[in-house]
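*Asks:*
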Amino acid sequence: EAFNANVAAAADLNAFIVTTPEHALAAADAVDAKRAAGEELGTMAGVPIGMKDLFATRGVQTTAASAILEGFKPEYESTVSQKLWDAGAGMLGKLNLDQFAMGSSNETSHFGNVANPWKANDGGNAVLAPGGSSGGSSAAVAARLAPAATGTDTGGSIRQPAAFTGISGIKPTYGRCSRWGIVAFASSLDQAGPMARSVEDCAVMLGAMAGFDPKDSTSLDAPVPDWAGALNADLRGKKVGIPKEYRMDGTDAEILASWDDGIAWLKDAGAEVVDVSLPHTKYALPAYYIVAPAEASSNLARYDGVRYGLRDLPEGAGLQDMYAATRAAGFGPEVKRRIMLGTYVLSAGFYDAYYTQAMKVRTLIQRDFNEAFDKCDVILAPTTPTAAFPLGDKLDDPLAMYLNDVFSVPASLAGLPAMSVPSRLNAKGLPLGLQLVGKAMDEQMVLNAGLAIE
Ligand code: GLN
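FYI, the numbering for the sequence shown is 28 to 481, going by UniProt numbering.
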């Protein structure tokens with residue numbers, strides 16, 4: 028009852044950039060035909076999903092929510108989306124996101140804000156951010172416009188929007204899902220994953236999305252376990268680590284209370300709770316905001332007005348002028364900020380001071396997790412430092428926006444599987460999320476602990 032989605036006003040959410048009902052219907056027809064022929068059905072048979080508009084979809088506009096890619100219809104299909112179609116799923120449409128997946132509120136999209144279907148019960152009528160960058164995905168699933176959606180997570184973009192909208196989402200171990208055909212943001216961090224209404228749905232969908240792909244050089248050559256089949260909320264004999272460094276000064280009391288709930292629920296499921304330390308946590312956010320923009324500045328060099336989408340060719344202009352005009356017109360302010368930050372930290376005079384230093388910090392953070400996982404099987408922490416905030420609140424303050432990712436970026440830098448599951452509603456009736464971080468390749472433990480919380 029606390030759920031205030033107004034599905035009738037679904038269009039107001041602005042979750043979809045384009046809709047593709049014909050794709051979903053064709054998938055349903057194909058499933059009918061298979062069933063009639065007595066053929067085995069895939070694990071996603073007939074499920075109409077939303078596709079974050081960062082995945083290349085053959086013949087269907089793929090924009091990364093940027094003007095620079097408006098009108099771009101790829102000739103190819105991303106590996107992950109192809110796997111979902113092979114498993115029987117169909118596509119309802121391409122979902123809105125922060126431009127090039129850079130943001131935490133979906134406000135950097137060229138196609139406008141996405142509204143969170145939840146509203147605070149404080150009498151105000153503020154429209155809340157659905158989180159970002161997978162804000163179209165989270166809003167669509169939370170508002171029951173789609174039973175599930177794809178997301179991508181570079182520094183929290185599956186987990187944070189899931190937390191802000193009361194749904195579940197998992198970022199698998201780096202390399203589990205192929206990056207081939209996903210518009211690149213920060214290649215050493217980008218991972219695809221499912222966003223859905225239950226842990227079980229996430230497990231089924233992740234099973235369809237994951238798997239080795241020779242077209243992605245960082246793809247993990249490992250079998251995909253039957254995560255859904257092995258789901259088990261009995262945590263007897265398992266240890267849950269509570270990282271003391273995540274109890275940061277100024278964390279909202281309601282976030283700490285939700286964390287305590289999670290601890291109690293996991294104990295009820297039979298787990299032993301132990302304290303662990305991740306001493307370099309406070310350096311994760313600054314390291315992330317060096318590594319991610321550095322990689323982005325390199326990845327985004329390909330948008331030159333020649334190869335894709337937009338071309339701005341002023342009268343009598345030369346090649347350099349065309350590059351400059353195209354990029355000036357095509358990229359939004361946050362994307363430009365990241366490119367400038369990235370080229371700065373990679374420039375000859377500053378490379379060692381910033382980029383090399385951030386890479387060292389990244390190694391220390393990975394070591395922190397390795398040591399913590401000597402003492403526990405899974406780590407429990409909040410997903411975000413606050414519940415969903417009103418649209419516009421942090422738009423003029425990039426640092427405040429970046430601070431939202433403080434709990435999500437460490438697992439990204441370490442490449443570890445991490446999930447957000449809903450915990451409780453806060454005093455304003457808004458959902459809060461709990462985060463589970465697992466050992467590399469141990470999505471099962473993360474999903475099982477998520478199930479125990481759900
Ligand atoms: N909010 C983070 C950023 O803006 C994470 C984005 C993401 O995971 N794609 O970089």
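Glycine included, C-beta positions come from ideal geometry on N, C-alpha and C.
1) Buried or exposed for K309, going by 16 or more other Cβ atoms inside 10 Å?
2) Assuming contact is defined by CB atoms lying nearer than 8 Å, are G163 and N140 in contact in what I supplied?
3) Per the contact definition of three or more C-beta pairs closer than 8 Å, is the segment 283-298 in contact with the segment 232-247?
4) D125 and G159: beta carbons closer than 8 Å?
5) What separation, rounded to the nearest whole angstrom, lies between the Cα atoms of V362 and F127?
6) Run the proximity test for M129: is its beta-carbon closer than 7 Å to any non-hydrogen atom belonging to the ligand GLN?
7) Looking at C-alpha atoms only, which residue of V168, G182, G183 is the closest neighbour of A176?
8) May I ask which residues mark the beginning and end of the alpha helix (DSSP H) holding M386?
9) Find out if the Cβ-Cβ distance for the pair P157, N148 is shorter than 8 Å.
10) Buried or exposed, going by whether 16 or more other CB atoms sit within 10 Å of the CB of F434?
11) Taking the CB atoms as reference points, tell me whether L407 and G289 lie closer together than 8 Å.
12) At what residue ranges does the segment 248-326 contain a whole run of the beta strand (DSSP E), taking only runs of 3 or more?
13) For P101, report the span of its beta strand (DSSP E) as first-last.
14) Give a yes or no on contact between the segment 199-213 and the segment 243-261, applying the rule of three or more CB pairs nearer than 8 Å.
15) When DSSP labels each residue in this structure, what does G369 get in the three-state scheme?
16) Out of T179, S161, A260, which has the shortest C-alpha to C-alpha gap to Q471?
17) Would G369 and A323 qualify as a contact pair, given that the criterion is a beta-carbon distance under 8 Å?
18) Please report the straight-line C-alpha distance between V34 and A257, rounded to a whole angstrom.
19) Within the continuous beta strand (DSSP E) that includes M118, where are the two ends?
20) With DSSP as the reference, label V448 as helix, strand or coil.
21) State the start and end residues of the unbroken alpha helix (DSSP H) segment that holds F377.
22) Please classify N41 as buried or exposed, where buried requires at least 16 other C-beta atoms within 10 Å of its C-beta.
23) Alpha carbon to alpha carbon, what distance is there between L426 and L312?
24) Please indicate yes or no: does the CB of F191 lie closer than 7 Å to some heavy atom of the ligand GLN?
25) Between T411 and G460, which are expected to be in contact by the criterion C-beta below 8 Å, what is the C-beta distance as a whole number of angstroms?
26) Can you tell me whether Q347 is buried or exposed? The criterion is at least 16 other CB atoms within 10 Å of its CB, across all chains shown.
27) Please state if the CB of V231 and the CB of T70 are separated by a distance shorter than 8 Å.
28) Which partner residues of M78 appear in the DSSP bridge assignment?
29) Just to confirm the assignment, what range does the alpha helix (DSSP H) spanning I209 have?
30) Could you give the DSSP three-state label for F127: helix, strand or coil?
31) Beta-carbon separation of K198 and A445 under 8 Å?
32) Tell me the residue span of the alpha helix (DSSP H) that contains residue 482.
33) Please indicate yes or no: does the CB of G182 lie closer than 7 Å to some heavy atom of the ligand GLN?
34) State the DSSP-derived secondary structure class of G477, mapped to helix, strand or coil.
35) What is the C-beta distance between A92 and F138, in whole angstroms, given that I count them as a contact (C-beta under 8 Å)?
36) Let's see if you can read the secondary structure: which residues bound the beta strand (DSSP E) around V464?
*Replies:* With the structure as the only source:
1) Numbered from 1 along the sequence shown, position 282 holds the residue referred to as residue 309. Flag for K309 reads exposed.
2) To locate residue 163, count along the sequence shown from 1; it is residue 136. To locate residue 140, count along the sequence shown from 1; it is residue 113. No, Cβ-Cβ distance for G163 and N140 is not below 8 Å.
3) no
4) By 1-based counting over the sequence shown, the position of residue 125 is 98. By 1-based counting over the sequence shown, the position of residue 159 is 132. Cβ atoms of D125 and G159: closer than 8 Å.
5) What you label residue 362 is simply residue 335 of the sequence shown in a count that begins at 1. What you label residue 127 is simply residue 100 of the sequence shown in a count that begins at 1. Approximately 7 Å, taken between the alpha carbons.
6) The sequence position of residue 129 within the sequence shown is 102, counting from 1. Yes, the Cβ of M129 comes within 7 Å of a heavy atom of the ligand GLN.
7) By 1-based counting over the sequence shown, the position of residue 176 is 149. Of the candidates V168, G182, G183, the one whose C-alpha sits nearest the C-alpha of A176 is V168.
8) For the purposes of this step, residue 386 is taken as the residue at position 359 of the sequence shown. Note, M386: alpha helix (DSSP H), 384-399.
9) Counting from one through the sequence shown, the residue named residue 157 turns up at place 130. Counting from one through the sequence shown, the residue named residue 148 turns up at place 121. Taking 8 Å as the Cβ cut-off, P157 and N148 do not qualify as a contacting pair.
10) Your numbering for residue 434 matches position 407 in the sequence shown. Buried is the call here.
11) Residue 407 sits at position 380 when you count from the first residue of the sequence shown. Residue 289 sits at position 262 when you count from the first residue of the sequence shown. A contact, by the Cβ cut-off of 8 Å.
12) 266-270, 299-303
13) One-based indexing of the sequence shown puts residue 101 at position 74. Careful: P101 lies outside any beta strand (DSSP E) and carries neither H nor E.
14) yes
15) The sequence position of residue 369 within the sequence shown is 342, counting from 1. Looking at G369 - three-state DSSP - the assignment turns out to be helix.
16) What you label residue 471 is simply residue 444 of the sequence shown in a count that begins at 1. Here the closest residue by C-alpha is A260.
17) Position 342 of the sequence shown, counted from the first residue, corresponds to residue 369. Position 296 of the sequence shown, counted from the first residue, corresponds to residue 323. Contact: yes.
18) To locate residue 34, count along the sequence shown from 1; it is residue 7. To locate residue 257, count along the sequence shown from 1; it is residue 230. Because V34 carries a pLDDT of 39, less than 50, the predicted location of this residue cannot be relied on, and no value is offered for it.
19) In the sequence shown, counting from the first residue as 1, residue 118 sits at position 91. 117-122 is the span of the beta strand (DSSP E), which, as asked, contains M118.
20) Taking the sequence shown and counting its residues from 1, the one referred to as residue 448 is at position 421. Looking at V448 - three-state DSSP - the assignment turns out to be strand.
21) In the sequence shown, counting from the first residue as 1, residue 377 sits at position 350. From DSSP, F377 is part of no alpha helix (DSSP H); its letter is neither H nor E.
22) Within the sequence shown, numbered from 1, the residue matching residue 41 stands at position 14. Label assigned to N41: buried.
23) Taking the sequence shown and counting its residues from 1, the one referred to as residue 312 is at position 285. Taking the sequence shown and counting its residues from 1, the one referred to as residue 426 is at position 399. Spanning the two alpha carbons is a distance of roughly 10 Å.
24) Sequence index remark: in the sequence shown, residue 191 carries index 164 (1-based). No, since every heavy atom of the ligand GLN falls outside the 7 Å radius drawn around the Cβ of F191.
25) In the sequence shown, residue 411 corresponds to position 384, counting from 1. In the sequence shown, residue 460 corresponds to position 433, counting from 1. Between G460 and T411 the Cβ distance is about 6 Å, and since that is below 8 Å, they are a contact.
26) For this step, residue 347 is matched to residue 320 along the sequence shown. That one is exposed.
27) Position 43 of the sequence shown holds residue 70. Position 204 of the sequence shown holds residue 231. It is a contact, given that the beta carbons lie within the stated cut-off.
28) Residue 78 sits at position 51 when you count from the first residue of the sequence shown. In DSSP, M78 forms a bridge with K121.
29) On the sequence shown, residue 209 is found 182 positions in, with the first residue counted as 1. It is not in any alpha helix (DSSP H) - I209 carries neither H nor E in the DSSP assignment.
30) Here residue 127 refers to the residue found at position 100 of the sequence shown. DSSP places F127 in helix when its eight states are reduced to three.
31) Walking along the sequence shown from the start, residue 198 turns up at place 171. Walking along the sequence shown from the start, residue 445 turns up at place 418. Yes. Within cutoff.
32) This structure gives no information on residue 482, because the portion of the chain shown stretches from 28 to 481.
33) Start at 1 with the first residue of the sequence shown, and residue 182 comes out as number 155. Yes, the Cβ of G182 comes within 7 Å of a heavy atom of the ligand GLN.
34) The count along the sequence shown starts at 1 and reaches residue 477 at position 450. It is helical.
35) As a working mapping, residue 92 is identified with position 65 in the sequence shown. As a working mapping, residue 138 is identified with position 111 in the sequence shown. About 6 Å separates the two Cβ atoms, so the contact holds.
36) Position 437 of the sequence shown holds residue 464. Segment 458-465, the beta strand (DSSP E) holding V464.
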